[in-house]
Amino acid sequence: MGIIVRLDRVLADRKMQLSELASAVDISMANLSNLKTGKVKAIRFSTLERICEVLECQPGELLEYSETEKENN
Amino acid sequence: MNEPFNEKRFKNVLTVSRILTIIIVSIIIFMGVLALIGTIFGMFISPTWIEFDLSQHALLFDRGPIAFSIDSLEGILSLKTILVFGGLALIVVTGFGLMFFNNLRLLLREVKEKRPFSSTSVKHVMYMSYTLILAGIIIPIFASVFFRQIMLAVESPELSINYSPDINTIFLGLLLYLLGKIFAYGNYLQAEVDGTV
Numbered sequence: 013m014g015i016i017v018r019l020d021r022v023l024a025d026r027k028m029q030l031s032e033l034a035s036a037v038d039i040s041m042a043n044l045s046n047l048k049t050g051k052v053k054a055i056r057f058s059t060l061e062r063i064c065e066v067l068e069c070q071p072g073e074l075l076e077y078s079e080t081e082k083e084n085n
Numbered sequence: 196m197n198e199p200f201n202e203k204r205f206k207n208v209l210t211v212s213r214i215l216t217i218i219i220v221s222i223i224i225f226m227g228v229l230a231l232i233g234t235i236f237g238m239f240i241s242p243t244w245i246e247f248d249l250s251q252h253a254l255l256f257d258r259g260p261i262a263f264s265i266d267s268l269e270g271i272l273s274l275k276t277i278l279v280f281g282g283l284a285l286i287v288v289t290g291f292g293l294m295f296f297n298n299l300r301l302l303l304r305e306v307k308e309k310r311p312f313s314s315t316s317v318k319h320v321m322y323m324s325y326t327l328i329l330a331g332i333i334i335p336i337f338a339s340v341f342f343r344q345i346m347l348a349v350e351s352p353e354l355s356i357n358y359s360p361d362i363n364t365i366f367l368g369l370l371l372y373l374l375g376k377i378f379a380y381g382n383y384l385q386a387e388v389d390g391t392v
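Here the protein sequences come in this chain order: A and B. Per our numbering, the first sequence starts with residue 13, numbered consecutively. Per our numbering, the second sequence starts with residue 196, numbered consecutively.
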């Protein structure tokens with residue numbers, strides 16, 4: 013898939029652990045870990061909204077489109 | 196808006212179905228064992244050990260809209276013929292019955308575990324459909340062989356038996372195949388939902 017999730021980068025900028033975000037957003041660690049590693053097929057607007065709210069960022073900072081990633085897959 | 200789902204009633208239906216399926220599987224296994232013993236026993240007994248004089252019996256046929264009886268039969272039917280050919284036909288029937296109901300039992304277990312659209316459920320529905328389609332073709336072969344043996348004993352040139360596949364069973368099998376494909380689509384949708392956070 014050409015979409016890359018940059019959650020690890022945003023978390024590092026905010027000096028926040030994945031577990032902290034999981035409890036703040038109220039989704040399981042497993043799901044959040046899957047999102048971070050790009051193993052999910054889709055993300056709900058409601059989930060994205062909560063993550064952006066907690067991390068005080070824009071959706072564009074979390075998601076990135078890459079042509080090369082698309083070609084690799 | 197979604198229809199309200201009565202989970203308690205569904206669980207009750209599921210529990211009753213599972214108990215009935217387990218009882219049916221047990222009865223089928225018991226019948227299969229009896230048929231196997233009868234067939235093996237029949238293979239080793241003499242053809243003249245116990246014989247039935249058909250002039251003492253009437254032939255009754257009652258299936259669907261067709262029913263008739265023949266009172267004047269002539270001929271001798273041996274117990275060996277009944278046990279061997281009847282036993283073989285019964286073994287085949289119980290084999291298909293066991294395959295069908297065992298897959299139904301496993302499917303109901305998947306549904307009870309709240310995985311109605313798992314790939315395992317799809318596999319069981321597909322196996323049930325294949326079983327019915329094959330049963331509709333193969334069981335009539337064994338049944339016609341069995342009845343042909345009985346007809347051979349009856350000294351009547353007017354009586355004959357022909358093979359024809361069981362269209363009703365094959366049709367049910369095809370319907371289950373369609374249901375299996377619907378389950379496969381449900382499995383795909385489930386994977387889509389599971390992959391969404």
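Each residue gets a CB set at the ideal place from its N, CA and C atoms; glycine is no exception. Every value quoted in this text rests on a predicted model; they were computed, and no experiment measured them.
- If you draw a straight line from the Cα of B/Met323 to the Cα of B/Glu246, it comes to about 40 angstroms.
- Look at B/Gly381: its C-beta is not under 8 angstroms from any C-beta on chain A.
- Among the bridge pairs identified by DSSP, B/Thr391 is matched with A/Ala54.
- Assigned with DSSP and collapsed to three states, B/Tyr358 falls in coil, not helix or strand.
- For the pair B/Ser212 and B/Leu303, the CB atoms are nearer than the 8 angstroms cut-off.
- Not one beta carbon of chain B lies nearer than 8 angstroms to the beta carbon of A/Lys27.
- Per the coordinates, the alpha-carbon of B/Ile336 lies some 60 angstroms from the alpha-carbon of A/Phe57.
- For the options B/Val349, B/Ile223, B/Tyr380, B/Pro199, the alpha carbon positioned closest to that of B/Leu268 is the one of B/Val349.
- Sorting B/Phe256, B/Phe263, B/Val320 by C-alpha distance to the C-alpha of B/Gly381 places B/Val320 at the top.
- The continuous beta strand (DSSP E) containing B/Ala262 extends over residues 261-265.
- When rounded, the separation of the alpha-carbon atoms in B/Ser273 and B/Gln251 is 14 angstroms.
- B/Arg258 and A/Val52 have their C-alpha atoms spaced approximately 57 angstroms apart.
- Under the three-state reduction of DSSP output, A/Ser78 falls in the coil class, being neither helix nor strand.
- Excluding sequence positions up to five before and after B/Ile286, its CB lies within less than 8 angstroms of the CB of Gly227, Ala230, Leu231, Thr234, all in the same chain and listed in chain order.
- In the structure shown, the three-state DSSP call for B/Glu198 is coil.
- A contact is defined here as three or more CB-CB pairs under 8 angstroms, and the region 65-73 of chain A meets this definition with respect to the region 13-33 of chain A.
- The beta carbon of A/Leu47 falls within 8 angstroms of a beta carbon belonging to chain B, placing the residue at that interface.
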